[in-house]
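Heads up: the sequence lines are chains A and B, in that order.
Heads up: the first sequence is residues 525 to 738, going by the numbering used here.
Heads up: the second sequence is residues 112 to 316, going by the numbering used here.
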Amino acid sequence: MSPFAVSLRVVLPALVFVVPLGAAAGHFLARGRGPLRAALDALVLVPLVLPPSVVGYGLLLVLGRHGAIGSLLEKMFDVRLVFTSAGASIAAVAVALPLMAKAAEAAFARVDKNLEDAALANGLSRAATFRIVTLPLALPGLAAATTLAALRALGEFGATLTFAGYSSQTATAPLEVYFAMQQGKDARALSLSLALVVVSTAAALAFHAWSRKR
Amino acid sequence: MSDLVIDVRARAGSFELDARFTARSGVTVLFGPTASGKTMTLRLVAGVDRPDSGSIRFGDRALDALPPNERALGWAPQDAALWPHRSAIDHLLPFATAARARDLLALVGLAPHAARKPTRLSGGERQRLSFARALAREPSLLLLDEPFSALDDAARAEMGDLVRTQAARGATILFVTHDRPEATRLADAFILFTSGHTRESASLP
């Protein structure tokens with residue numbers, strides 16, 4: 525399988541978790557109050573500032589074959605995460621989710637609270653206010669957050685290698701660049717790198733054009 | 112008919128509000144200089160700000176114990192607070208049937224602009240739309256914060272008639288204005304605000 529096909533198989537399932545969970549966390553960070561919000565804020569920052577290898581090692585300690593949860597998964601469900609695309613997806617979630625949450629927080633914070641208040645005080649439920657006012661106004665910012673998170677997941681290297689390891693299922697484009705280089709396959713490393721540059725730039729430009737049109 | 116009984120204390124920076132008054136069915140005009148607590152009082156009744164202490168009762172319901180969306184009131188905030196992504200008619204559809212939404216737009220003179228978004232409405236038209244939104248559910252409590260300040264005298268009188276119509280069907284209306292002729296024309300009672308304190312009055316000072 526081509527490294528980009530592997531990347532897609534890793535990134536897309538990761539985004540299924542990252543986008544809704546990150547948006548929900550971002551909303552709570554933007555509108556919530558109290559110690560719970562402060563705790564989440566700190567919790568979200570930690571994986572953002574830690575070296576990805578440390579994040580990956582942490583995942584290995586918990587979810588690896590000898591980890592507390594990992595050994596249970598293997599015993600009860602015969603599920604192994606190391607060397608699988610599921611493991612690589614988990615690594616991608618771990619690094620992309622905090623980024624999604626912080627970017628989504630900014631998107632929700634930009635929505636004028638007076639506009640939500642006008643909906644609530646005139647009788648709309650919280651859910652209806654979110655659907656009719658908050659979400660549509662936050663959508664461009666959430667799209668930006670999703671783009672950022674997707675690119676971060678696509679570019680993920682350190683946590684993936686440390687936790688999920690290098691196998692046919694985890695050989696995403698960034699890992700292949702590294703191992704092609706290690707094995708002296710310079711042409712392959714270069715072509716994969718260029719492809720990553722093109723994909724990332726195209727995604728950034730497409731988003732830029734779309735956000736200007738709105 | 113339902114009385115609105117307000118007895119609240121609230122603080123915003125160095126400003127302290129101590130509002131105590133009763134508003135009966137009809138139009139109660141809140142009158143006083145800028146930054147004397149009129150908008151703050153309306154926001155407390157609407158439930159979008161919380162008082163430090165005190166109570167707000169409407170009839171037999173303790174409004175202060177309810178979230179804003181369960182207070183069953185209409186609120187036209189000072190800056191209109193329209194939704195930039197929604198057309199005029201789409202400001203009313205969450206609250207009313209399509210037929211009633213069209214009637215409301217016609218009532219406030221916005222029928223030709225149903226499809227316009229707020230950026231394509233004038234200041235006065237934005238206020239009319241915000242007023243229509245507050246009326247949409249026919250609430251028995253209406254909070255109108257300088258709702259017609261951007262309208263000319265003729266349009267103001269026309270909208271004033273609509274406010275009187277609401278009073279005639281028994282609604283309790285808090286109406287903030289700086290305009291003396293408008294205040295005297297609409298009011299059944301006055302609450303005079305001076306630096307955070309309130310006084311009930313039968314006329315303007």
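Virtual Cβ for every residue (Gly too), placed ideally from N, Cα, C.
Any C-beta of chain A under 7 Å from that of residue i
i: residue 234 of chain B; result: no
i: residue 258 of chain B; result: no
i: residue 172 of chain B; result: no
i: residue 185 of chain B; result: yes
i: residue 274 of chain B; result: no
i: residue 159 of chain B; result: yes
i: residue 316 of chain B; result: no
i: residue 229 of chain B; result: no
i: residue 162 of chain B; result: no
i: residue 330 of chain B; result: With chain B represented from 112 up to 316, any question about residue 330 of chain B goes unanswered, as that position is not in the structure.
i: residue 188 of chain B; result: yes
Candidates the options: closest to residue i by CA position
i: residue 607 of chain A; options: A:639, A:683, A:679; result: A:683
i: residue 153 of chain B; options: B:257, B:274, B:292, B:265; result: B:257
i: residue 308 of chain B; options: B:116, B:115, B:113, B:132; result: B:132
i: residue 149 of chain B; options: B:126, B:241, B:239, B:199; result: B:126
i: residue 169 of chain B; options: B:316, B:178, B:279, B:134; result: B:134
i: residue 166 of chain B; options: B:252, B:215, B:115; result: B:115
i: residue 631 of chain A; options: A:661, A:617, A:604; result: A:661
i: residue 181 of chain B; options: B:163, B:162, B:158; result: B:158
i: residue 727 of chain A; options: A:678, A:703, A:704; result: A:678
i: residue 712 of chain A; options: A:720, A:601, A:558, A:701; result: A:701
i: residue 229 of chain B; options: B:215, B:194, B:249, B:212; result: B:194
i: residue 191 of chain B; options: B:121, B:241, B:251; result: B:241
i: residue 160 of chain B; options: A:666, A:622, A:734, A:640; result: A:640
i: residue 278 of chain B; options: B:254, B:289, B:266; result: B:254
i: residue 305 of chain B; options: B:144, B:121, B:245; result: B:144
i: residue 238 of chain B; options: B:263, B:250, B:214; result: B:263
i: residue 732 of chain A; options: A:696, A:718, A:665; result: A:665
i: residue 289 of chain B; options: B:147, B:251, B:276; result: B:147
i: residue 156 of chain B; options: B:142, B:313, B:188; result: B:188
For residue i, the three-state DSSP class (helix, strand or coil)
i: residue 199 of chain B; result: coil
i: residue 550 of chain A; result: helix
i: residue 206 of chain B; result: coil
i: residue 186 of chain B; result: strand
i: residue 163 of chain B; result: coil
i: residue 234 of chain B; result: helix
i: residue 263 of chain B; result: coil
i: residue 655 of chain A; result: helix
i: residue 226 of chain B; result: coil
i: residue 219 of chain B; result: coil
i: residue 134 of chain B; result: strand
i: residue 81 of chain B; result: In the structure displayed, chain B extends from 112 to 316; residue 81 of chain B sits before or after that span and is not available.
i: residue 119 of chain B; result: strand
i: residue 712 of chain A; result: helix
i: residue 605 of chain A; result: coil
i: residue 680 of chain A; result: coil
i: residue 140 of chain B; result: strand
i: residue 246 of chain B; result: helix
i: residue 634 of chain A; result: coil
i: residue 313 of chain B; result: coil
i: residue 171 of chain B; result: coil
i: residue 596 of chain A; result: helix
Within-7 Å CB hit, residue i to chain B
i: residue 664 of chain A; result: no
i: residue 532 of chain A; result: no
i: residue 633 of chain A; result: no
i: residue 642 of chain A; result: yes
i: residue 678 of chain A; result: no
i: residue 639 of chain A; result: yes
Please list, in chain order, the residues of the segment 192 to 210 of chain B that have any C-beta partner in chain A closer than 7 Å. 192, 194, 196, 205, 206
Which residues of the segment 645 to 664 of chain A have a Cβ closer than 8 Å to any Cβ of chain B? Give them in chain order. 645, 646, 647, 648, 649, 650, 652, 653, 656, 657, 660, 661
Near-chain C residues of the segment 241 to 270 of chain B - C-beta to any C-beta below 9 Å: This model lacks chain C altogether; the protein chains it does include are A and B.
Hey, which unbroken runs of the alpha helix (DSSP H) at 4 residues or more fall wholly within the segment 253 to 305 of chain B? 264 to 279, 291 to 297
Quick one: which unbroken alpha helix (DSSP H) runs of 4-plus residues sit fully inside the segment 540 to 590 of chain A? Chain order, please. 559 to 573, 576 to 587
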